[in-house]
Each structure stands twice: as structure tokens, then as C-alpha cells.
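First up is the structure itself, then whatever we jot down about it.
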Amino acid sequence: WPPTLEGLASREPSPSPDAPVFILPHLLSCKNPDGVEFYNEIEFYAKVNCKDSQDKRSGRSITCFVRKWKEKVAWPRLTKEDIKPAWLSVDFDNWRDWEGDEEVELAQVEHYAELLKKVSTKSPPPAMDDLDDDSDSADARSN
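Listed below in C-alpha cells is the structure:
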């Protein structure tokens, strides 16, 4: 589950792509096609937006994209309980450090502001006194 400030993604192994997935305000639950619950039920740390959440099925797994109810609020963990289930792991391939992203975005905004300041500063045009008229006439003589 790689967290972001907006939401999170969770990949669930599933013997069948037809397995029902339930994303409730405080719970993610999967069942097999026979209606038997899988062990991997997750009680979320905080409320999620069920209507703006979805799941994507491929092969033998189901990926759930869950939108947090309060966006821009970091969760210290995925689950309500402080104990991490043994079957739950972080997907470091999709991990984003939201604190680092915030610092990078701030640096980009500051850099852009500096560029705008440089461009908008009205300075006199560069002097053209150092242009040599002789070079043009020398080129014309050589032809």
C-alpha cells in the first residue's frame, strides 16, 4: 500500500477476478465467489470516501484505489490498530515520500518566482557600442 496525501492503493491476492470487494467508510473487505471472507480484511486508520474509491482486477489480484475522506492529511499507518498484520506489506515500487514531495514543490515555486522576478525586472537594454562595424566591411572586401 503506497500512501499519498489523497489516498492509497492496496493489492489483494485473489483466486478469482470475480471476487466481490467492499470498500466501506472504515473497512476494506474481500470475499471469494462463494461468499466466504478472506483473511485480509483491513480496518482503516481513518474514514475513506467509498464513492470515490474503486478497484481494478487483473489476473489473480485485485488492486483497490481508496480515496481518503480528509485529503492532504497524512496517516501514520494504514490500519486502525497499531499492529501491522503479517500479510500486509508496503509496495516500495510505487512509494512516494509526501513530505519530500512537498519540499520539492516548494523549491520549484521559489525557483519559478525568482525567474519571474528576473524577467520582470526592467533594466536598460545592453549597450551596443562594442559592435565592430569594421568586421562587416572586412567580410565584404574578402568576397
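Residues in the sequence shown are numbered from 1 upward in steps of one, following the UniProt record's numbering. Just so it is clear, CB atoms sit at the ideal spot from N, CA and C, and this is done for glycine as well. Only a predicted model underlies this, so the values are computations on that prediction, with no experimental measurement involved.
_Pairs of beta-carbons, one from the segment 50-58 and one from the segment 76-85, closer than 8 Å: are there three or more?_
no
*Where does Pro2 sit, in a helix, a strand or coil, going by DSSP?*
By one-based count along the sequence shown, residue 2 stands at place 2. Legend: pLDDT at Pro2 = 44, less than 50; position of this residue unreliable, no value from coordinates given.
_Neighbourhood of Leu115 by C-beta distance below 8 Å, restricted to the same chain and skipping five residues each side_ = For the purposes of this step, residue 115 is taken as the residue at position 115 of the sequence shown. Result list for Leu115: empty, nothing under 8 Å.
*Helix, strand or coil: how does DSSP classify Glu41 here?*
Start at 1 with the first residue of the sequence shown, and residue 41 comes out as number 41. Three-state result, Glu41: coil.
*asked:* With distance defined between alpha-carbon atoms, name the residue in Leu106, Ala127, Lys118, Phe22 nearest to Lys56.
replied: Locating residue 56 in the sequence shown gives position 56, counting from the first residue. Lys56 has its Cα closest to that of Phe22, out of Leu106, Ala127, Lys118, Phe22.
*Alpha carbon to alpha carbon, what distance is there between His111 and Asp18?*
As a first step, residue 18 must be located in the sequence shown, where it is residue number 18. As a first step, residue 111 must be located in the sequence shown, where it is residue number 111. The alpha-carbon atoms of Asp18 and His111 are separated by roughly 49 Å.
*Which residues share a DSSP beta bridge with Gln54?*
Along the sequence shown, read from residue 1 onward, the residue named residue 54 stands at position 54. Per DSSP, Phe65.
_Among Ser58, Thr121, Pro85, Arg60, whose alpha-carbon lies nearest the alpha-carbon of Phe44?_
Residue 44 sits at position 44 when you count from the first residue of the sequence shown. When each option's Cα is compared against that of Phe44, the closest is Pro85.
*asked:* Quick check on the burial criterion: 16 or more other C-beta atoms within 10 angstroms. Buried or exposed for Val119?
replied: Numbered from 1 along the sequence shown, position 119 holds the residue referred to as residue 119. When all chains shown are included, Val119 counts as exposed.
*Cβ atoms of Lys47 and Lys31: under 9 Å apart, would you say?*
Residue mapping note: residue 31 aligns to position 31 of the sequence shown, counting from 1. Residue mapping note: residue 47 aligns to position 47 of the sequence shown, counting from 1. In this structure, Lys47 does not lie closer than 9 Å to Lys31 by Cβ.
*Exposed or buried, Leu28, counting other C-beta atoms within 10 Å across all chains shown (16 or more means buried)?*
If you number the sequence shown from 1, residue 28 lands on position 28. By the neighbour-count rule (16 or more Cβ atoms within 10 Å), Leu28 is buried.
*So the beta strand (DSSP E) Ile23 belongs to, where does it begin and stop?*
Taking the sequence shown and counting its residues from 1, one reaches residue 23 at position 23. Run containing Ile23: 21-24, per the beta strand (DSSP E) assignment.
*Helix, strand or coil: how does DSSP classify Ser89 here?*
Locating residue 89 in the sequence shown gives position 89, counting from the first residue. Correct three-state label for Ser89: coil.
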